[in-house]
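A quick write-up on the structure given underneath.
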C-alpha cells in the first residue's frame, strides 16, 4: 500500500501489553524490541489502580516470527498478557475540528459520561484520548475530540450538561491553550464570596435594600451605573473605618489562592476588574499578587462616605475596556485573555476575551459565555487549561505548601 505523496507505507506491528504495573516493564519491552532494530512510531501508556496498559507501534522487522516470539516470552516472564497485531502505516490522522472537552462533576456518574460520549458521537466526532485532570475536590476528565467544530460541540454539549447537572467546557485544541495568558476576573461573588457593597450597607442598616438592587442588576433588569449610584447613595454617612472591617471579613472563593499562585508560576498575568470599590480591590491585588486592578472609588470626606463615586463608573463597557487595556499593556492578544465573571455586568468582558467563563453565574450569563463552571471551587478553572490536580499538588509540595487530598 502506498501514499501518493510519501511513497510505500511501512508494514507495522502494534504490541499491546496489559497486566500488573511494576518498575521495569517498559524497559523490558524495548530491550526485547531492540534486538530487531525496529523504529518506534508511537507509544501510549496508562496505569489505572495498578493495572498497566502499554501500546507500542513499531515498524515490522524482517524476521517477524522471531520478534513476536521474543515479545511473547518477555511478556510471559513479566506475568503480563500481550497481543501483537500486524498492519500497515502509522496511526490514522485525527480529523479536522479538534477540541478539548473538559467534563467536571461532583460526583461524576457513569450515566453522565455515557450521555456526553453519546452526544459527541451524534455530532459525528470521535474521542481520540481521555485523561483525568482531577479527582478532588471534583472529578475532572479531559477528552481530546476531533471531527466536529468546537462551536457545534459546544452547542450540543451545553444542553447535555444542564440535563446531567455537570459542567462541560469545550475549547479549540490550539497552541493558545499552552501560551502565557492574562486572566481578568470579576471580584464580588467570583474572586470573593458575597458582595462588598452589601457588607458596607450592613453598617448603614440598608442591607436588604442594597441586596434587592444588586440582584436586579445582576439579572440585567436595571442599568448597572444607575443601580450602583442608588446603592452607594444609601452608604452616606458610614464611617470610612467600615471599609477596613469589611476587608477583614472578606472570604475568598475556595481555590482562589491556589489558582493564582499556580498560574503565576507559569508566567500568567492577573487583573481584577470590579464594579465594586478600589479601596477593597487594591488591597486584594496586593495580598494575592495580582498585577492589575480597576474599580470604582468611593468618595470619602471628613472620615465618612459621602454616598458618591469619584470619577467615571466602571460598568459593563468599562470592564471590557479595562481588559483590552491590560492586554495591550503586557503585549498579549485579546484572544489570549481568559475572563471570569458571574453577572450581567461582566458580559462585555466575557465576550471580549478569547475564553469567557461564567462562574456560578446567573442563567443569562451562562447562556452568553463560552463555558461555565458551577462548582464552588475557583481552581477548577485550572483543569480547563490542561493543568492536573497532581501537577498542582506537586508544585505546591516543592514550595512547602500542603494541599488537601482525599484517601485513595
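In our numbering, the protein residues as written are 290 to 697. Virtual Cβ for every residue (Gly too), placed ideally from N, Cα, C.
Three-state secondary structure assigned by DSSP to residue 623: DSSP places residue 623 within a helical segment (H, G or I) once states are collapsed to three.
Rounded separation between residue 462 and residue 644 - CA only: Straight-line Cα distance between these residues: approximately 13 Å.
Given 8 Å, three or more beta-carbon pairs between the region 427 to 446 and the region 496 to 513: At 8 Å Cβ cutoff, the stretches do not touch.
Backbone secondary structure at residue 307 - three-state DSSP: Assigned with DSSP and collapsed to three states, residue 307 falls in strand.
Per-residue DSSP class, three states only, for residue 278: Examination of residue 278 is not possible in this model, given that the chain is present from 290 through 697 alone.
Alpha-carbon spacing of residue 676 relative to residue 525, whole angstroms: Straight through space, the alpha carbons of residue 525 and residue 676 are spaced by roughly 46 Å.
Sequence ranges, beta strand (DSSP E) only - wholly within the region 350 to 402, length at least 3: Scanning the region 350 to 402 for uninterrupted beta strand (DSSP E) segments of 3 residues or longer gives 370 to 377, 388 to 394, listed from N- to C-terminal end.
Residue environment, residue 380, which counts as buried when at least 16 other CB atoms sit within 10 Å: By the beta-carbon neighbour count (other beta carbons within 10 angstroms, threshold 16), residue 380 is exposed.
The region 367 to 377 contacting the region 403 to 413, beta-carbon criterion three pairs below 8 Å: Taking a cut-off of 8 Å on C-beta distances, the region 367 to 377 does not touch the region 403 to 413, as fewer than three cross pairs fall below it.
According to DSSP, residues forming a beta bridge with residue 481: According to DSSP, residue 481 bridges with 477, 541.
Test item: CB-CB of residue 562 and residue 473 under 8 Å: In this structure, residue 562 lies near residue 473, with their beta-carbon atoms less than 8 Å apart.
Identity of the residue in 362, 419, 425, 641 nearest residue 607 by Cα: The option with the nearest alpha carbon to residue 607 is 641.
Spatially closest choice to residue 420 from 679, 656, 494, by CA coordinates: Here the closest residue by C-alpha is 679.
As assigned by DSSP and simplified to three states, the class of residue 409: Helix.
Contacting residues, own chain, Cβ-Cβ under 6 Å from residue 544 (five flanking each side not counted): Only residues of its own chain outside the window of five on either side were considered, and among them 666, 667, 668 have a CB closer than 6 Å to the CB of residue 544, listed in chain order.
Euclidean distance between Cα positions of residue 475 and residue 603: Distance between the alpha carbons of residue 475 and residue 603 is about 12 Å.
Which of helix, strand or coil DSSP assigns to residue 338: Coil, per DSSP.
Rounded separation between residue 565 and residue 487 - CA only: The straight-line gap from Cα to Cα measures roughly 10 Å.
Distance, residue 617 Cα to residue 329 Cα: Between residue 329 and residue 617, the C-alpha separation is close to 45 Å.
Distance between residue 452 and residue 334 (C-alpha atoms, nearest Å): Take the alpha-carbon of residue 334 and the one of residue 452: they are about 34 Å apart.
Exposure of residue 551, with buried meaning 16 or more beta-carbon neighbours within 10 Å: Of the other Cβ atoms in all chains shown, 16 or more fall within 10 Å of the Cβ of residue 551; this residue is therefore buried.
Residue 591 versus residue 571: straight-line alpha-carbon distance, rounded: Looking at the two C-alpha atoms, the distance is approximately 22 Å.
First and last residue of the uninterrupted alpha helix (DSSP H) at residue 637: Its alpha helix (DSSP H) spans residues 636 to 641.
With 16 other Cβ atoms within 10 Å as the buried cut-off, status of residue 533: Answer is exposed; the Cβ neighbour count stays below 16.
Close-in-space but distant-in-sequence residues of the same chain around residue 581 (CB under 6 Å, 5 per side omitted): Annotation for residue 581: 560, 615 place their beta carbon closer than 6 Å to its own, counting only its chain and skipping 5 residues before and after.
For residue 697, three-class secondary structure by DSSP: Caution applies to residue 697, whose pLDDT of 47 falls short of 50 and renders its modelled position unreliable; the model cannot decide the point.
Reference residue 576, options 605, 539, 588, closest by Cα: Looking at 605, 539, 588, the one whose alpha-carbon comes closest to that of residue 576 is 539.
Close beta carbons around residue 567, own chain, < 6 Å, minus the five adjacent residues each side: Result list for residue 567: 584, 586, in chain order.
Cα-Cα separation, residue 663 to residue 450: Each residue's alpha carbon lies about 11 Å from the other.
Distance between beta carbons of residue 299 and residue 359, contact taken as under 8 Å: Not really, about 20 Å apart at Cβ, beyond 8 Å.
Helix, strand or coil at residue 495 according to DSSP, with G and I counted as helix: Assigned with DSSP and collapsed to three states, residue 495 falls in coil, not helix or strand.
Neighbourhood of residue 492 by C-beta distance below 6 Å, restricted to the same chain and skipping five residues each side: Taking C-beta separations shorter than 6 Å and ignoring five residues to either side along the sequence, the partners of residue 492 in its chain run 527, 531, following chain order.
The region 337 to 344 touching the region 303 to 316, judged by at least three CB pairs closer than 8 Å: Yes, they touch.
DSSP three-state assignment for residue 293, whether helix, strand or coil: With a pLDDT of 47 at residue 293, under the threshold of 50, the predicted position of this residue should be treated as unreliable, though the coordinate-derived value follows. Of the three classes helix, strand and coil, the one that applies to residue 293 here is coil, per DSSP.
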